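*Asks:* Numbering (the UniProt record's numbering), first residue to last: 1 to 278. Quick reminder that beta carbons are idealized off the backbone N, C-alpha and C, glycines included. In this text the structure is predicted, and so the values were computed from the model without any measurement. Have a look at the structure that comes next, please.
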Amino acid sequence: MLSETEYIMLKIGIIGCGSIGTEICKAIDAKLINAQLVAVYDRSEEHGGKLLGALSNMPRLLSVDDLISESDIVVECASAAAVREYGLEVLERGKDLMILSVGALTDPELLEKLVKTAATHHSRIYIPSGAIAGIDGLRSASIASIDKVMLTTTKNPAGLKGAPYIINNNIDLGSFREKTLLFEGNAEEAIAAFPANVNVAASLSLAGIGAKETQVRVFVDPGAVRNIHEITVEGAFGKFTCRIENVPSPGNPRTSFLAALSAIATLKKITEPLQIGT
């Protein structure tokens with residue numbers, strides 16, 4: 001039987017030093033995960049340097065190429081563009097990949113390439129549940145048949161600022177005085193419209209019936225102090241609903257704090273002998 005010190009320490013590299021990347025790094029630094037943070041990368045050296053200054057056990061600030069070489073698993077916390085730019089390279093080099101910008105995977109060609117590359121090079125792709133609950137139940141339900149998946153998201157105007165849908169439709173977020181339906185469509189459309197806000201729609205799509213069949217509604221509510229996600233799933237198993245009221249991330253109101261916690265929990269699960277959940 002191996003002692004705790006005899007387990008091979010997982011080496012983690014982080015791409016993206018924003019709010020989620022920072023929370024993951026701090027969790028590793030605080031030894032909440034039995035792993036070593038070996039390297040970080042961010043396009044902004046200022047962001048990278050600021051993060052390093054907040055850690056007790058400082059990793060190295062490396063290029064993406066060197067970061068991949070040093071890591072067992074690379075955690076993408078940057079953007080869908082980063083998934084497209086670096087994802088295949090990570091897997092081709094036999095390293096595992098965790099993707100936080102799940103919206104990138106609504107591109108079926110990219111998803112197919114990533115999965116095939118992972119299989120060829122004996123790597124794994126991890127997608128945390130993100131800012132929602134119910135993924136375990138949805139995956140279990142998908143073993144039979146699912147008739148409906150509906151995601152309803154409600155956010156404060158500040159959490160929707162800068163979204164392509166807002167800009168393209170010249171929507172004045174300061175004009176809303178009550179909860180208002182802003183968008184209704186499928187997950188594929190929602191992710192294009194709100195790429196920084198509804199990554200949860202991509203996760204639901206992958207676990208369930210796909211982006212074209214998953215329904216999404218987005219509400220803006222000036223009175224909302226939390227990011228709210230309501231999920232309804234119906235199928236052969238019956239019906240379940242989930243409602244999550246998320247505290248926004250301290251560093252980014254467009255992102256829920258639970259998204260970072262989900263990534264941390266996934267890394268813990270990878271490194272622990274006891275596995276719980278579907």
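Can you name the residues that DSSP bridges to MET98?
*Replies:* Against the sequence shown, residue 98 aligns to sequence position 98. In the DSSP output, where bridge partners are listed per residue, MET98 has VAL75, TYR126.
*Asks:* Can you check which of these residues, VAL233, PRO273, ASN252, is closest to VAL149 by C-alpha distance?
*Replies:* As a position in the sequence shown, residue 149 is number 149, starting the count at 1. Cα-wise, what sits closest to VAL149 is VAL233.
*Asks:* Could you tell me whether the Cβ atoms of ALA211 and ASN186 are closer together than 8 Å?
*Replies:* As a first step, residue 211 must be located in the sequence shown, where it is residue number 211. As a first step, residue 186 must be located in the sequence shown, where it is residue number 186. It is a contact, given that the beta carbons lie within the stated cut-off.
*Asks:* For the segment 216-230 and the segment 163-178, state whether three or more C-beta atom pairs, one from each stretch, are separated by less than 8 Å.
*Replies:* yes
*Asks:* Using the three-state DSSP reduction, which class does GLU109 fall into: helix, strand or coil?
*Replies:* Within the sequence shown, residue 109 is the residue found at index 109, counting from 1. Of the three classes helix, strand and coil, the one that applies to GLU109 here is helix, per DSSP.
*Asks:* Assuming ALA144 contacts ALA207 (C-beta within less than 8 Å), just tell me the rounded distance between them.
*Replies:* In the sequence shown, residue 144 corresponds to position 144, counting from 1. In the sequence shown, residue 207 corresponds to position 207, counting from 1. That belief does not hold up - the Cβ atoms of ALA144 and ALA207 are roughly 14 Å apart, past 8 Å.
*Asks:* Going by DSSP, what residue range makes up the beta strand (DSSP E) through PRO253?
*Replies:* Residue 253 sits at position 253 when you count from the first residue of the sequence shown. Its beta strand (DSSP E) spans residues 252-256.
*Asks:* Taking the alpha carbon of ASP65 as the reference point, which residue from SER79, MET58, GLU85 has its own alpha carbon closest?
*Replies:* Taking the first residue of the sequence shown as 1, we reach residue 65 at position 65. Selected option, being the one with the closest Cα: GLU85.
*Asks:* According to the Cβ coordinates, are CYS77 and GLY16 closer than 8 Å?
*Replies:* If you number the sequence shown from 1, residue 77 lands on position 77. If you number the sequence shown from 1, residue 16 lands on position 16. Their beta carbons are under 8 Å apart, which means CYS77 touches GLY16 by this criterion.
*Asks:* Exposed or buried, what is THR180 when buried is set at 16 or more other beta-carbons lying within 10 Å of its beta-carbon?
*Replies:* Taking the first residue of the sequence shown as position 1, residue 180 is located at position 180. Counting Cβ neighbours within 10 Å, THR180 comes out exposed, since fewer than 16 surround it.
*Asks:* Can you check whether the CB of SER249 is closer than 8 Å to the CB of ALA260?
*Replies:* Sequence index remark: in the sequence shown, residue 260 carries index 260 (1-based). Sequence index remark: in the sequence shown, residue 249 carries index 249 (1-based). Their beta carbons are under 8 Å apart, which means ALA260 touches SER249 by this criterion.
*Asks:* How many Å lie between ALA141 and VAL216 at the Cα?
*Replies:* In the sequence shown, residue 141 corresponds to position 141, counting from 1. In the sequence shown, residue 216 corresponds to position 216, counting from 1. Computed Cα separation, rounded: 19 Å.
*Asks:* In this structure, how does DSSP classify LYS239 when only helix, strand and coil are distinguished?
*Replies:* Taking the first residue of the sequence shown as position 1, residue 239 is located at position 239. Looking at LYS239 - three-state DSSP - the assignment turns out to be strand.
*Asks:* On the criterion of 16 or more Cβ atoms from any shown chain inside 10 Å, does residue 280 qualify as buried, or is it exposed?
*Replies:* In the structure displayed, the chain extends from 1 to 278; residue 280 sits before or after that span and is not available.
*Asks:* Assuming VAL102 contacts GLY130 (C-beta within less than 8 Å), just tell me the rounded distance between them.
*Replies:* Position 102 of the sequence shown, counted from the first residue, corresponds to residue 102. Position 130 of the sequence shown, counted from the first residue, corresponds to residue 130. Yes, they are in contact, since the Cβ atoms of VAL102 and GLY130 sit about 7 Å apart, within 8 Å.
*Asks:* Have a look at the DSSP bridge pairing and note the partners of ARG60.
*Replies:* Taking the sequence shown and counting its residues from 1, the one referred to as residue 60 is at position 60. Note: ARG60 sits in a beta bridge opposite ALA39.
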